[in-house]
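Numbering (full-length UniProt numbering), first residue to last: 6 to 245. Quick reminder that beta carbons are idealized off the backbone N, C-alpha and C, glycines included. See structure below.
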Amino acid sequence: THFGFATVAEEEKASKVAEVFHSVASRYDLMNDVMSGGLHRLWKIFAIEQSGVRTGGKVLDVAGGSADLSLQFAKKVGPTGQVILTDINSSMLTVGRDRLLDAGYNPTAAQCDGEKLPFPSNYFDCVTVAFGLRNMTHKDAALKEMYRVIKPGGRVLVLEFSKVAAPLRPLYDLYSFKLLPVMGKLIANDEASYRYLAESIRMHPDQETLKQMMEDAGLERVEYFNLTGGVVALHKGFKL
Ligand code: SAM
């Protein structure tokens with residue numbers, strides 16, 4: 006294959022992900038608000054709080070898309086700090102970069118694969134990936150890369166859909182498998198992308214599995230916080 010090592014299934018996943026995000030880019034923010042009832046904003050605020058990022062800090066936003074996190078980090082680090090927005094998808098990256106520009110920042114935006122980060126080792130204070138790891142084909146490689154580029158003392162934050170608590174499950178299944186694709190069709194005329202979203206959430210490792218994967222990548226003191234009954238979890242790990 007042209008990736009050298011990718012199987013047909015892996016290539017299919019990568020091109021499906023590319024197709025989904027080219028297709029939703031312009032309506033992505035609206036859909037996020039509608040489908041999470043605005044909750045994604047609270048989940049992201051929690052992630053920022055857990056980042057430990059201060060004035061002058063260096064932050065890498067992997068799979069940063071429309072730059073929700075980058076924007077908040079840019080405010081936090083101030084003019085002496087550095088925030089780099091990255092995404093594999095040019096449509097999403099353009100939306101994010103324009104948003105940072107419109108907010109008065111002079112963004113560094115780089116199109117790159119989270120599995121192969123074009124940054125030096127031991128450089129960032131914090132690396133985040135919000136709702137992006139799920140889309141990556143080789144999650145172990147991506148986590149190793151995030152570990153590599155943080156400084157000793159730095160942290161990796163993974164904000165991602167996770168496994169909901171048992172009592173919430175029937176309601177959640179109804180919402181994500183039945184309602185979500187219908188909303189995707191009504192609002193974005195794109196049922197397939199939102200069906201992919203529901204399926205990719207089901208396939209994603211649960212809280213404990215992801216914690217173990219982060220430890221396997223080298224991260225230490227890994228812990229996670231369940232948000233909204235485990236609909237989402239924030240995982241945090243350090244390089245010591
Ligand atoms: N982080 C943003 C947020 O929280 O709103 C965007 C999340 S969006 C659901 C997922 C993003 O992951 C998309 O912009 C997509 O292009 C990006 N993505 C998918 N696979 C990727 C990869 N291998 N490397 C980097 N970004 C990737």
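Select from the options the residue whose C-alpha is nearest the C-alpha of residue i.
i: residue 126; options: 49, 228 and 159; result: 159
i: residue 82; options: 69, 20 and 64; result: 64
i: residue 78; options: 66, 70 and 236; result: 66
i: residue 51; options: 73, 39 and 35; result: 73
i: residue 168; options: 118, 236 and 200; result: 236
i: residue 218; options: 150, 102 and 155; result: 150
i: residue 220; options: 144, 190, 186 and 193; result: 144
i: residue 212; options: 69, 68, 164 and 30; result: 164
i: residue 180; options: 156, 46 and 207; result: 207
i: residue 215; options: 166, 178 and 183; result: 166
i: residue 85; options: 100, 107, 98 and 62; result: 62
i: residue 238; options: 178, 190 and 135; result: 135
i: residue 95; options: 88, 69 and 36; result: 69
i: residue 116; options: 16, 101, 15 and 205; result: 101
i: residue 80; options: 111, 98, 103 and 176; result: 111
Under 7 Å Cβ to Cβ from residue i, same chain only, skipping five residues before and after it: list those, please.
i: residue 152; result: 161, 222, 223, 224 and 244
i: residue 228; result: 241
i: residue 28; result: 195 and 198
i: residue 147; result: 119, 120, 138 and 141
i: residue 19; result: 142
i: residue 246; result: As displayed, the chain neither begins before 6 nor continues past 245, which places residue 246 out of reach and without an answer.
i: residue 55; result: 162, 239 and 241
i: residue 210; result: 218
From the DSSP secondary-structure annotation, give me the bridge partner or partners of residue i.
i: residue 240; result: 163 and 229
i: residue 133; result: 66 and 162
i: residue 113; result: 89
i: residue 192; result: For residue 192, which the question treats as bridged, DSSP gives no partner whatsoever.
i: residue 155; result: 129
Keeping to the same chain, check which residues put their C-beta closer than 6 Å to that of residue i; ignore five residues upstream and five downstream.
i: residue 173; result: 234
i: residue 93; result: 118
i: residue 33; result: 71
i: residue 8; result: Any reading at residue 8 needs caution, since the residue's pLDDT is 44, under 50, leaving its predicted position unreliable; the model's value is listed next. Nothing listed; no residue qualifies.
i: residue 201; result: 25
i: residue 87; result: 63
i: residue 170; result: 234 and 235
Which residues in the same chain as residue i place their Cβ atom closer than 8 Å to its Cβ, once the five residues preceding and following it in sequence are excluded?
i: residue 57; result: 130, 131 and 160
i: residue 122; result: 65, 67, 91, 150, 151, 153 and 154
i: residue 157; result: 127, 244 and 245
What is the residue span of the beta strand (DSSP E) that residue i lies within?
i: residue 3; result: Limits of the chain in this structure are 6 at one end and 245 at the other, which puts residue 3 out of reach.
What residue range is occupied by the uninterrupted alpha helix (DSSP H) comprising residue i?
i: residue 78; result: 73-82
i: residue 218; result: 212-221
i: residue 33; result: 33-41
i: residue 103; result: 95-107
i: residue 13; result: 13-29
i: residue 52; result: 44-54
i: residue 177; result: 174-178
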